[in-house]
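Asks: Count along the sequence shown starting at 1, add 48, and that's the number in our numbering.
Quick reminder that beta carbons are idealized off the backbone N, C-alpha and C, glycines included.
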Amino acid sequence: NTKLFSFPSPFPKENKKIFFVNDVTTRYEEISKDSTIIKKLKEYIENICSAFQKNIIVFFPSFELMKKIDIQTNKNLYLEEQKMSQKELMKMIENFKSQKNSLLFSAAGGRIS
49 NTKLFSFPSP
59 FPKENKKIFF
69 VNDVTTRYEE
79 ISKDSTIIKK
89 LKEYIENICS
99 AFQKNIIVFF
109 PSFELMKKID
119 IQTNKNLYLE
129 EQKMSQKELM
139 KMIENFKSQK
149 NSLLFSAAGG
159 RIS
């Protein structure tokens, strides 16, 4: 038997910003055909990081794509890893939340999302 739980976001509404661009895709088939997509994604993320001096979380559709984005930023970078223990994950989240200018990469559908 499966139970569905819903939890409120730990982030204040005014701190949530959602960005959408329509000139890139995260579809694997498209990325494998066009090497400029990763470069564009990287540039978008770097621009957002430069524009906001706050903590930022970026959700990727897969861990595989997340690992391909090698950005240059002055933020402290945290990466959710598939094989992290729950203890390691919670420690990473605590560290991320305790700082004021950090970046967290996670996979949509992962434990953080």
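1) I think residue 136 touches residue 155, with their Cβ atoms under 8 Å apart; what is that distance to the nearest whole Å?
2) What residue from 72, 109, 79, 105 has the CA that sits closest to residue 91's CA?
3) Look at the alpha carbon of residue 120 and the alpha carbon of residue 60, and state the distance between them as a whole number of angstroms.
4) Quick check on residue 124: does DSSP put it in helix, strand or coil?
5) For residue 76, count neighbouring Cβ atoms within 10 angstroms of its own Cβ and tell me buried if that reaches 16, exposed if not.
6) Mind checking which residues open and close the alpha helix (DSSP H) that includes residue 80?
7) Find the nearest neighbour of residue 107 within the set 51, 139, 161, judged by alpha-carbon distance.
8) Taking a contact to mean a Cβ-Cβ separation below 8 Å, would you say residue 105 touches residue 96 in this structure?
9) State the Cα-Cα distance for the pair residue 86 and residue 55, rounded to the nearest angstrom.
10) Verify whether the separation of the beta carbon atoms of residue 151 and residue 125 is less than 8 Å.
11) How is residue 156 classed by DSSP in three states: helix, strand or coil?
12) Do you know offhand how far residue 144's Cα is from residue 118's?
Replies: A quick look at the data gives this:
1) The count along the sequence shown starts at 1 and reaches residue 136 at position 88. The count along the sequence shown starts at 1 and reaches residue 155 at position 107. The Cβ separation is near 16 Å, so there is no contact.
2) Along the sequence shown, one-based indexing puts residue 91 at 43. Of the candidates 72, 109, 79, 105, the residue whose Cα lies closest to the Cα of residue 91 is 72.
3) Your numbering for residue 120 matches position 72 in the sequence shown. Your numbering for residue 60 matches position 12 in the sequence shown. Annotation: residue 120 to residue 60 spans about 27 Å, alpha carbon to alpha carbon.
4) As a first step, residue 124 is located in the sequence shown; it is residue number 76 there, counting from the start. Three-state DSSP puts residue 124 in a strand.
5) Counted from its first residue, the sequence shown places residue 76 at position 28. So residue 76 counts as exposed.
6) Position 32 of the sequence shown holds residue 80. For residue 80, the enclosing alpha helix (DSSP H) starts and ends at 76-81.
7) Here the question's residue 107 lines up with position 59 in the sequence shown. Of the listed residues, the one whose Cα sits closest to residue 107 is 161.
8) On the sequence shown, position 57 is the one that residue 105 refers to. On the sequence shown, position 48 is the one that residue 96 refers to. For residue 105 and residue 96, no; Cβs fall outside 8 Å.
9) Stepping through the sequence shown from its first residue, residue 86 is reached at position 38. Stepping through the sequence shown from its first residue, residue 55 is reached at position 7. Straight across, the Cα-Cα distance linking residue 86 with residue 55 is about 33 Å.
10) For the purposes of this step, residue 151 is identified with residue 103 of the sequence shown, where counting begins at 1. For the purposes of this step, residue 125 is identified with residue 77 of the sequence shown, where counting begins at 1. In this structure, residue 125 lies closer than 8 Å to residue 151 by Cβ.
11) The residue you call residue 156 lines up with position 108 of the sequence shown. Secondary structure at residue 156: coil, using DSSP grouped into helix, strand and coil.
12) Position 96 of the sequence shown, counted from the start, is the residue given in the question as residue 144. Position 70 of the sequence shown, counted from the start, is the residue given in the question as residue 118. Rounded to the nearest angstrom, the two C-alpha atoms are 19 Å apart.
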